[in-house]
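Chains A and B, in that order, give the protein sequences.
Residue numbering for the first sequence follows the working numbering, beginning at 68 and increasing consecutively.
Residue numbering for the second sequence follows the working numbering, beginning at 980 and increasing consecutively.
Notes follow once the structure below has been shown.
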Amino acid sequence: MGESKTARVPTPDQHAAVPFWRDVRVLRWLFQLAILVVVGALLYFLINNLVTNLARLGLNLSFTFLNRPAGFNISEGYQVLQYDHRTSRMWHAFAVGVLNTLRAAGVGIILATILGTIVGVARLSRNWLVSRVSLAYIEIMQNTPLLVQLFFWFTLVKALPRQRPGEILVLGDVTLGPLTIPPLAYFSQRAVALPGIEIHPSFRLWWPFLVVGLVVAAGLWLARVRMKERRGEPPTGQFWWAAGGFAAVLAVGWVLVPGAPVSLVLPGLEGETIAQYTGGWILSNTFQALLLGLVLYTAAFIAEVVRSGIQSVPYGQIEAATSLGLSRQQQLRLIVLPQAMRVIIPPLINQYLNLIKNSSLAIAVGYPDLFNISQTIGNQTGQNIQVIALVMATYLVISLIVSAIMNVANQRMQIVER
Amino acid sequence: MSGNVFQKRWAIFAFGFLTGVLLLVACASGAQPQGVNLGNTAGEAAEEVGIQPEEPAVQEPAQEPSEAPADAPTDAPAEAPAQQPTSGTSLLQEVQQRGVLRCGVNAALPGFGSIDADGNNVGFDVDFCRAIAAAIFGDADAVEYTALNADQRFPALQGGEVDVLIRNTTWSLTRDADLGVDFTVTTFYDGQGYIVRAGEFSSVEELDGGVVCVTSGTTTELNLADDFARRGLTYTANVFSETADAFGTFVEGACDAYTSDKSQLASLRSAEPNPDDYVILPDTISKEPLGPVVRANDSDWRDVVMWTVFAMIEAERLGVNQANVDEMLDSDNIDVQRLLGTGEDDLGALLGLPKDFGYQIISQVGNYADVYDRHLTPIGIEREGTLNAHWTEGGLMYAPAFR
């Protein structure tokens, strides 16, 4: 066994003849080592310098400041986490900031994806006008800074009428003969109030029905797909079976449980000099500006991603689909998009992460996101280094989680090679 | 087989790791005393200034480890001089070497700190920067201004971007004790108030449930919360990092009120096209003593800043102002002689300043009243009868004994 090997490997004598400083394998390690030492020493120097100088100023690097009373008011998101500036701590305020960031980024990602897909498909439209309009949109949005756009939207949002009865813009609130339409939505420079969904306390009674409904739906889905497979037909209609099963379970619940779990709430307006909304879904001006900016800006990039993804599908595929007699709708849905998705998803992850990171520009319009609130915490406590470290770590974690989720989606989309 | 050792990666790694750790430990004992001042960007300045006897002693242990890495782990001798070098160097020497004072100011608060039509920084706070430069260099223009917003000001001071922060900054216990900064003298006694649109509100109580615009990173934000809690009122805060955005949003109508120091309210109101559209409510809800701030634990530098301001207050008591300071050089009043450095006493030398530093301040910038009248009287902030009046007239502007 050793015969053939020893023929190639140098004998101990030969090996010993190469001094270690000329041995590539040793040098390779020494080089790595040198870099490790340099990097380590540099880090050590920087951190040591920081700690020494902070100590000189009477500061330290502990995180105990997070347990101090916050004392400052946060304009939105505080209800969800029961933040009260009179009793809550700094970490509580920070958590509200994280929540607000997730809210803006989450809604932003969904809307940007929808809008981006529409614009991307429109960009390839055979209709000259549609295609040019989306081109103009993409070029304008991509080539102006997001910060400038945010200020633009904020100014625009604040140009709405004042929040006063009589001045405020109301949708609805008219009488058409016998039909009286209540106010459906309000638009003022401070906030927009839309019809909202109110969750009643009896909602918890509905949990069992929701769970059972989901189980039934999943069962029906699988059963339908299996049945179709047995018959050798392509699986169709499983969605409607599942939805029907879910609805049926909820219908049983409707009969058994007294009171509705949720109800639609229309917004109202109360007060004279200081008029406040009552009920409904309220979007503050800062949130509107941030969301408009993030969605419209990111959608332009997503549109380009979608367009390039669709164009990456060879034209022969479309010709083949046409020759099979598929309509244009079917071609897009069954042939083009599934293949385009493989190209689209990786750059799409990038755009999602960009959106999340760009949401830190919220500070410009005063939306109380993670970064904005952290700035306040940093200023009230003076512990700027820890606060910035915390902010960076939080963005990192959020980005990594989104990235991980999207990577799983990406893997499932890739062609399974056998 | 000796060659085989190198094929075992873990062995090489362990060896490398150990060497690295040893090197780091060696560096650690040497690097400790090098603790570069945050103030001087890369440490060069510390070496330039380097006049402490400890300096050579510091260099030795730092060089040692590079020669004998493995054998010098946690050596005790290096620890001894560790804390010395930082305490001996005052920012004053660094500023003198640099030849220019770096001053953190406001650029968006007419009266206190703003940019005039020619692009110069002007204002009440800015004049104190100029006074310090006049005291140190005899040249009030040797100032490099850094415009800072409320969020940026303390990090800028802590990090050494600016030598002194004179940006309507409120002196509070938390800031003084916890931010690594020292407050010096109060140059302006202020208090927080509310500004509203005329005809809408006449008291704070009427603001219940309203939206209040406020600048972030200020004591204002906390005072607002306290004041509304004390009165049992609710409100929504709309927080902006720039004063211009916060006040602008109020002017556009998206906020019912804007809250800040009353001097700032007066300044912002005066800059509006129709100042009469806005009313400052009579309530004063906090104490806001404003003044220069320096980095903590630098007594020499703090003294220079404090006594520059005191000189201006003292000059007002002695009747020495920018207009008559040259005549006053011949004064035989011993107090005036001490202030202007014309007598026997060399008070400047005790501070590390030229003997005539008082004269330079008064002749180039003026006394406290000159500065106040130049910047704050025009925007309608009265001095008479307020805390900012001279102590001989019932105010709080008082300088300790100038001798």
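All C-beta atoms, glycine included, are put in the ideal place defined by N, C-alpha and C.
Remember, it's a predicted structure, so these values are computed and weren't measured experimentally.
Proximity to residue i [Cα-Cα], best of the options
i	options	result
alanine 1129/B	Glu1200/B, Asp1095/B, Arg1109/B, Asp1157/B	Glu1200/B
isoleucine 176/A	Asn446/A, Ala366/A, Asn477/A	Ala366/A
tyrosine 1257/B	Gly1078/B, Lys1241/B, Leu1088/B, Gly1170/B	Lys1241/B
leucine 1080/B	Phe1116/B, Ala1087/B, Ala1096/B	Phe1116/B
isoleucine 385/A	Leu357/A, Ile455/A, Leu399/A	Leu399/A
phenylalanine 1107/B	Gly1078/B, Ala1096/B, Glu1123/B	Glu1123/B
asparagine 140/A	Glu1185/B, Ala1216/B, Val1141/B, Leu1308/B	Ala1216/B
cysteine 1192/B	Thr242/A, Val432/A, Arg95/A, Ala122/A	Val432/A
serine 379/A	Ala162/A, Ala137/A, Leu191/A, Trp88/A	Leu191/A
glycine 1322/B	Leu1330/B, Ile1313/B, Ala1328/B	Ile1313/B
proline 1089/B	Arg1146/B, Met1376/B, Ala1275/B	Arg1146/B
valine 329/A	Thr389/A, Gln305/A, Pro268/A	Pro268/A
isoleucine 235/A	Glu143/A, Arg297/A, Gly320/A, Ala342/A	Ala342/A
glutamine 146/A	Ala476/A, Ala252/A, Ala160/A	Ala160/A
Cross-chain neighbours of residue i in chain B, by beta carbon under 8 Å
i	result
arginine 153/A	Ala1204, Ala1208
glutamine 442/A	Asp1130, Ser1195, Gly1196, Ser1220
Reduced DSSP secondary structure (H/G/I, E/B, other) of residue i
i	result
valine 432/A	coil
asparagine 167/A	helix
aspartate 1161/B	strand
valine 332/A	strand
alanine 84/A	helix
glutamine 1171/B	strand
asparagine 1217/B	strand
glutamate 1200/B	helix
serine 155/A	coil
arginine 1274/B	strand
phenylalanine 276/A	helix
valine 372/A	helix
threonine 1287/B	helix
glycine 1022/B	For glycine 1022/B, the predicted structure reports a pLDDT of 37, less than 50, and the residue's modelled location is therefore unreliable. A value from the coordinates is still provided. Correct three-state label for glycine 1022/B: coil.
alanine 1233/B	coil
valine 188/A	helix
glutamine 343/A	strand
tryptophan 1150/B	coil
Alpha-carbon to alpha-carbon, residue j and residue i
i	j	result
alanine 1378/B	phenylalanine 1289/B	5 Å
arginine 1362/B	alanine 1368/B	6 Å
glutamate 371/A	tryptophan 195/A	17 Å
leucine 401/A	serine 201/A	24 Å
glutamate 1058/B	phenylalanine 112/A	Note that glutamate 1058/B scores 38 on pLDDT, short of 50, meaning its location in the model is unreliable; the coordinates nonetheless yield the value given after this. Near 16 Å, if we compare the C-alpha coordinates of phenylalanine 112/A and glutamate 1058/B.
serine 375/A	isoleucine 465/A	27 Å
serine 470/A	leucine 420/A	8 Å
threonine 1125/B	cysteine 1082/B	6 Å
serine 1310/B	glutamate 1372/B	24 Å
glycine 183/A	proline 228/A	30 Å
arginine 1248/B	lysine 1334/B	42 Å
glycine 1227/B	aspartate 1187/B	21 Å
proline 1064/B	isoleucine 416/A	With a pLDDT of 38 at proline 1064/B, under the threshold of 50, the modelled position of that residue is not reliable, and no figure is offered here.
alanine 1025/B	alanine 1112/B	At alanine 1025/B the pLDDT is 38, less than 50, meaning the model places this residue with poor confidence; the figure from the coordinates comes in the next sentence. Going by the C-alpha atoms only, they are around 21 Å apart.
glycine 346/A	glycine 239/A	16 Å
glycine 173/A	glycine 1374/B	56 Å
Contacts of residue i in chain E (Cβ-Cβ under 8 Å)
i	result
leucine 1201/B	The structure shown contains no chain E; its protein chains are A and B.
Residues that residue i contacts on chain A, provided the C-beta gap is smaller than 9 Å
i	result
asparagine 1276/B	Arg123, Leu124, Gly125
leucine 1144/B	Simply none; closest approach about 13 Å.
glycine 1270/B	What glycine 1270/B touches in chain A: nothing, since even the nearest Cβ is about 18 Å away.
Residue i and residue j closer than 9 Å at C-beta
i	j	result
glycine 1092/B	asparagine 1099/B	no
leucine 117/A	isoleucine 452/A	yes
proline 1271/B	threonine 1198/B	no
aspartate 1262/B	tyrosine 1173/B	yes
valine 1218/B	proline 435/A	yes
tyrosine 1347/B	lysine 1266/B	no
methionine 1285/B	threonine 1149/B	no
Chain B residues whose Cβ lies nearer than 7 Å to that of residue i
i	result
proline 435/A	Val1218
glutamine 149/A	Result: empty, since nearest Cβ-Cβ is about 15 Å, beyond 7 Å.
arginine 257/A	Val1190, Ala1233
glutamine 343/A	Gly1188
Contact list for residue i against chain B, beta-carbon separation under 9 Å
i	result
asparagine 352/A	Asn1217, Thr1228, Ala1233
serine 142/A	Val1190, Thr1215, Ala1216, Asn1217, Val1218
glutamine 406/A	Those within 9 Å of glutamine 406/A in chain B number zero; the least Cβ separation is about 43 Å.
Contacts of residue i in chain A (Cβ-Cβ under 8 Å)
i	result
glycine 1159/B	Leu121, Leu124, Gly125, Leu126, Gly449
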